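Visitor: Residue numbers (this note's numbering): 49 to 488. Next up is a structure, given as structure tokens.
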């Protein structure tokens, strides 16, 4: 069995949803198809929730009406038979009645999670009706029946595996299944979600749970490129990456793949393919155990970084100093990306400023605290790059005119990361593309 996940742009127009149907029926291999919400839907639902949280029901109502009008046009282009069109209209009535009812009740976070779930529920139900209209045998599997997170908002993988396989056993002759990405139930049994990028996460978890032959992530981009094509003029595709290389790239900003997507597939050694719905014959990128080659493969950039430096002469040979520093971040559940140390200072980076004021205050007894916002981590990723001749010299020669704030090297054989002011991000990526990859 293989898993095929399609993102919002891949199902965002009727003709693209029809193209997805062709892709998933092009062979007879059993498969589970994971769909995101139609492009733009989740953003609209987020705005509805934000408006309701502020008490602005009028604005929420305007967004709901605009979204409903979009879906009414969508189903008329998607569904051609009167009977199936009526089913599509009934689905929209069900979900938009719900969205309109919430305008009349008290808003809370649990209700907001219900709002955010509507996109995936509608996209999969409409797709299922389209498959029915075209006599394509399949079963619609509600993700809320088997996707579950624990009290720490992490996937409860053992439960997912048991529940999903139990559901599949109820359809012994079915070869095609459709389910929702992103949505799940939490430890209380309430509707919840796997956060942004959660549809990739869903696909990877399902792939691991059923020991799939492959997990295909279909987007509107032809696999992973060596750098951000929106910033550099010329990029080249990456044919193969190891799980470790892909995890580094995803974590440090490669938009095509969400960081959480890697580990479930890696645990069960399920290859992940990044493919393009618009160019289905393109090779894309394959992520597997083996790296395939050595040397630098790609550069990724992660914005919104905050650098925190704690400077203290008392740090010299101080036993337990770093542990006390890290305990502050642990207390506020704030992950650290990079760390550098010297005899008199330690610098760390974080990407979440929710508790920055409290963290800064608790660090002050240890020394002088300096905070720099608007920073970007640029990560150079590849296989055994530390052992690859001339990589470091090319790297730092390329950055000779960039004010590098921090360097992280040696923590991983796959990664060299530098911290630069965000204003220098584009210059950094362009310089590395020329100096390391020879592309201009």
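By construction, the Cβ of each residue, glycine as well, lies at the ideal position given by its N, Cα and C atoms. All values derive from a computational prediction rather than experimental measurement.
Going along the chain, which residues of its own chain have a beta-carbon closer than 7 Å to the beta-carbon of residue 229, five neighbours each way excluded?
Guide: Locating residue 229 in the chain shown gives position 181, counting from the first residue. Excluding sequence neighbours, residue 229 sits near 53, 82, 83, 84, 168, 246, 247, 250, 251.
Visitor: Let me confirm a value: residue 437 is counted as buried when at least 16 other C-beta atoms fall within 10 Å, else exposed. Which label applies?
Guide: What you label residue 437 is simply residue 389 of the chain shown in a count that begins at 1. By the 10 Å Cβ count, residue 437 comes out exposed.
Visitor: Tell me, which residues are paired with residue 225 by DSSP?
Guide: To locate residue 225, count along the chain shown from 1; it is residue 177. For residue 225, which the question treats as bridged, DSSP gives the partners 80, 187.
Visitor: DSSP three-state call for residue 196: helix, strand or coil?
Guide: Position 148 of the chain shown, counting from 1, holds the residue named residue 196. Correct three-state label for residue 196: strand.
Visitor: With 16 as the cutoff for other CB atoms within 10 Å, does residue 118 come out buried or exposed?
Guide: Here residue 118 refers to the residue found at position 70 of the chain shown. Residue 118 is exposed by the Cβ-count criterion.
Visitor: Let's test the definition: count the other Cβ atoms within 10 Å of the Cβ of residue 367 and tell me whether it reaches 16, buried, or not, exposed.
Guide: Translated into positions along the chain shown, residue 367 becomes position 319. Exposed, by the Cβ-count rule.
Visitor: So, helix, strand or coil for residue 138, using DSSP?
Guide: For the purposes of this step, residue 138 is taken as residue 90 along the chain shown, with counting starting at 1. Helix.
Visitor: Buried or exposed, going by whether 16 or more other CB atoms sit within 10 Å of the CB of residue 184?
Guide: Position 136 of the chain shown holds residue 184. Result: exposed.
Visitor: Residues in its own chain within less than 7 Å of residue 338 by CB, not counting five upstream and five downstream?
Guide: By one-based count along the chain shown, residue 338 stands at place 290. These residues qualify, in order along the chain: 290.
Visitor: At which residues does the alpha helix (DSSP H) containing residue 150 begin and terminate?
Guide: Locating residue 150 in the chain shown gives position 102, where the first residue counts as 1. Neither: residue 150 is in no alpha helix (DSSP H) and is coded neither H nor E.
Visitor: Using the three-state DSSP reduction, which class does residue 402 fall into: helix, strand or coil?
Guide: On the chain shown, position 354 is the one that residue 402 refers to. The answer is coil: DSSP assigns residue 402 none of H, G, I, E or B.
Visitor: Would residue 267 pass as a contact of residue 304 if the rule is Cβ separation under 9 Å?
Guide: By one-based count along the chain shown, residue 267 stands at place 219. By one-based count along the chain shown, residue 304 stands at place 256. Contact: yes.
Visitor: To the nearest angstrom, report how far apart residue 264 and residue 312 are at their CA atoms.
Guide: On the chain shown, residue 264 is found 216 positions in, with the first residue counted as 1. On the chain shown, residue 312 is found 264 positions in, with the first residue counted as 1. Roughly 14 Å between the two C-alpha positions.
Visitor: Could you tell me how far apart the beta carbons of residue 427 and residue 296 are, in whole angstroms, since I believe they sit closer than 8 Å?
Guide: Position 379 of the chain shown, counted from the first residue, corresponds to residue 427. Position 248 of the chain shown, counted from the first residue, corresponds to residue 296. About 6 Å; that satisfies the 8 Å criterion.
Visitor: Expressed to the nearest angstrom, what Euclidean distance is found between the alpha-carbon atoms of residue 299 and residue 137?
Guide: As a first step, residue 299 must be located in the chain shown, where it is residue number 251. As a first step, residue 137 must be located in the chain shown, where it is residue number 89. In a straight line, the C-alpha of residue 299 is about 40 Å away from that of residue 137.
Visitor: In whole angstroms, what separates the C-alpha of residue 69 from that of residue 253?
Guide: Here residue 69 refers to the residue found at position 21 when the chain shown is read from its first residue. Here residue 253 refers to the residue found at position 205 when the chain shown is read from its first residue. Distance between the alpha carbons of residue 69 and residue 253: 23 Å.
Visitor: Within a Cβ cutoff of 8 Å, which residues of the same chain sit near residue 477, ignoring the five residues on either side of it in sequence?
Guide: Here residue 477 refers to the residue found at position 429 when the chain shown is read from its first residue. Result list for residue 477: 275, 276, 279, 280, 347, 349, 426, in chain order.
Visitor: According to DSSP, residue 397 sits in a beta bridge with which residue or residues?
Guide: Sequence index remark: in the chain shown, residue 397 carries index 349 (1-based). Its beta-bridge partners are 355.
Visitor: Using beta-carbon positions only, say whether residue 140 and residue 325 come within less than 9 Å of one another.
Guide: Position 92 of the chain shown, counted from the first residue, corresponds to residue 140. Position 277 of the chain shown, counted from the first residue, corresponds to residue 325. No, Cβ-Cβ distance for residue 140 and residue 325 is not below 9 Å.
Visitor: If you follow the beta strand (DSSP E) that residue 457 is part of, which residue opens it and which one closes it?
Guide: Against the chain shown, residue 457 aligns to sequence position 409. Segment 454-457, the beta strand (DSSP E) holding residue 457.
Visitor: Taking DSSP as the reference, what is the three-state secondary structure of residue 278?
Guide: Locating residue 278 in the chain shown gives position 230, counting from the first residue. If DSSP states are grouped into helix, strand and coil, residue 278 belongs with coil.
Visitor: On the DSSP bridge assignment, give the partners of residue 335 in chain order.
Guide: Looking up residue 335 in the chain shown gives position 287. For residue 335, which the question treats as bridged, DSSP gives the partners 289, 320.
Visitor: Out of 414, 361, 61, point me to the one whose CA is closest to residue 87's CA.
Guide: As a position in the chain shown, residue 87 is number 39, starting the count at 1. Nearest C-alpha to residue 87: 61.
Visitor: Taking contact to mean 3 or more Cβ pairs, one atom from each stretch, closer than 8 Å, check whether the segment 445-460 and the segment 386-398 are in contact.
Guide: The segment 445-460, when compared against the segment 386-398, does touch it at the 8 Å Cβ threshold.
Visitor: What is the DSSP secondary structure of residue 215, reduced to helix, strand or coil?
Guide: The residue labelled residue 215 in the question sits at position 167 within the chain shown. In the structure shown, residue 215 sits in a helix (DSSP, three-state: H, G or I).
Visitor: Beta strand (DSSP E) containing residue 427: first to last residue?
Guide: As a first step, residue 427 must be located in the chain shown, where it is residue number 379. Looking at the DSSP string, the run of the beta strand (DSSP E) that includes residue 427 is 416-431.
Visitor: In its own chain, which residues sit with a C-beta less than 7 Å from the C-beta of residue 64, not counting the 5 before and 5 after it?
Guide: Locating residue 64 in the chain shown gives position 16, counting from the first residue. So the qualifying residues of the chain are 58, 325.
Visitor: From the DSSP output, in three-state form, read off residue 123 for me.
Guide: Translated into the one-based positions of the chain shown, residue 123 becomes position 75. In this structure, residue 123 counts as helix in the three-state DSSP scheme.
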